[in-house]
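Written out below as structure tokens is the structure these notes cover.
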Amino acid sequence: MSLTHRPVDKKDIHFICGFPQSEDELFFMFPKAKFPLSFSQLWDAVAQRSDSSVVELDGEVIAFANFYRWESGGRCSIGNVIVSPAARGRGVGRYLIEQMISLAFEKYQATEVTVSCFNQNVAGLLLYTQLGFHPYAVEERKGRKGVRVALIHMRLSSQEM
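As structure tokens, then:
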């Protein structure tokens, strides 16, 4: 499997909008969005964020992420992480997050990279800890239909790389 990554293009947005298969998956990726994810919701997020990136396999877009915070010499925070249903469980998420970590440390000389993950997203929590992220805070949030959920904030410092 030969994965590549590049900046997102406007033509990719329609493909990415099809990745969240349920309200829960969309909530994990983009808590403020309404299901199903629309072009305008995602394109607006891309416009407000930095370094929106896709992963491709054989020219097909299969994953997406960006930074919702990007500080030179400070913190970069990864958000809007999603992998195509057809590509899950094959190392694509790991590749995507590794590329975002590299971008944060190389382009922004970040001192740390953070990611936040809801407690129900077991695959995400396991991936982030395997990549060296450590929990540093837990925030109570309202999930879909007002249910209490925990948003687990995790970080990876540049010294740990």
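Heads up, the sequence shown is in the working numbering, so the first residue is 1107 and it goes up one at a time.
Yeah, the Cβ is synthetic: ideal placement off N, Cα and C, and Gly gets one too.
None of these values were measured; they are calculated from a predicted model.
Does the beta-carbon of P1113 have 16 or more other beta-carbons within 10 angstroms, so that it is buried, or is it exposed? Residue numbering aside, residue 1113 sits at position 7 when the sequence shown is read from its first letter. If you draw a 10 Å sphere on the C-beta of P1113, you find fewer than 16 other C-beta atoms in it, and that means exposed.
Which one of G1249, E1204 and F1170 has the shortest CA to CA distance from L1148? Locating residue 1148 in the sequence shown gives position 42, where the first residue counts as 1. The shortest Cα separation from L1148 among G1249, E1204 and F1170 belongs to F1170.
N- and C-terminal bounds of the alpha helix (DSSP H) containing F1239: Here residue 1239 is taken as the residue at index 133 of the sequence shown, counted from 1. Taken as a continuous stretch (DSSP letters only), F1239 belongs to no alpha helix (DSSP H), as it is neither H nor E.
Determine the extent of the alpha helix (DSSP H) in which G1199 is found, giving its start and end residues. Within the sequence shown, the letter at position 93 stands for residue 1199. Taken as a continuous stretch (DSSP letters only), the alpha helix (DSSP H) holding G1199 covers V1198 to K1213.
Between F1133 and R1254, which are expected to be in contact by the criterion C-beta below 8 Å, what is the C-beta distance as a whole number of angstroms? Start at 1 with the first residue of the sequence shown, and residue 1133 comes out as number 27. Start at 1 with the first residue of the sequence shown, and residue 1254 comes out as number 148. Contact flag wrong, Cβ pair sits at about 13 Å.
Grab the span of the beta strand (DSSP E) containing E1218 for me, first residue to last. Taking the sequence shown and counting its residues from 1, one reaches residue 1218 at position 112. Its beta strand (DSSP E) spans residues E1218 to F1224.
Does DSSP put R1112 in a helix, a strand or coil? As a position in the sequence shown, residue 1112 is number 6, starting the count at 1. Note: R1112 maps to strand in three-state DSSP.
Endpoints, alpha helix (DSSP H) assigned at D1150: Within the sequence shown, residue 1150 is the residue found at index 44, counting from 1. Here the alpha helix (DSSP H) through D1150 covers F1145 to Q1154.
Applying the 10 Å Cβ sphere with the 16-neighbour rule, what's the burial state of M1107? Locating residue 1107 in the sequence shown gives position 1, where the first residue counts as 1. Here M1107 is exposed, its C-beta having fewer than 16 other C-beta atoms within 10 Å.
Pop quiz: R1103 and T1217 are said to be a contact at Cβ under 8 Å. What is the actual Cβ separation, rounded to whole angstroms? Absent from the model: residue 1103. The displayed extent of the chain is 1107 to 1267, so no value can be given.
If you follow the beta strand (DSSP E) that E1166 is in, where does it begin and where does it stop? Here residue 1166 corresponds to residue number 60 of the sequence shown, with the count starting at 1. In the DSSP annotation of this structure, the continuous segment of the beta strand (DSSP E) that includes E1166 starts and ends at E1166 to W1176.
Got a sec? Which residues, its chain only, sit under 8 Å from D1157 by beta carbon, not counting five neighbours each side? As a working note, residue 1157 is residue 51 in the sequence shown. P1113, N1172, F1173, W1176, M1206, L1209 and K1213.
With respect to the alpha helix (DSSP H) encompassing M1267, which residues constitute its N-terminal and C-terminal limits? Working through the sequence shown from its first residue, we reach residue 1267 at position 161. Unbroken run through M1267: none, as it is neither H nor E.
Three-way DSSP call (helix, strand, coil) for G1195 in this model: The sequence position of residue 1195 within the sequence shown is 89, counting from 1. Here G1195 sits in coil by DSSP.
For F1248, which of helix, strand or coil comes out of DSSP? One-based indexing of the sequence shown puts residue 1248 at position 142. One point to set straight first is that residue 1248 is Lys, not Phe, in the sequence displayed. Three-state DSSP puts K1248 in a strand.
Where G1165 and V1189 are concerned, what is the direct C-alpha to C-alpha distance, given to the nearest angstrom? If you number the sequence shown from 1, residue 1165 lands on position 59. If you number the sequence shown from 1, residue 1189 lands on position 83. Taking the straight line from one Cα to the other gives about 15 Å.
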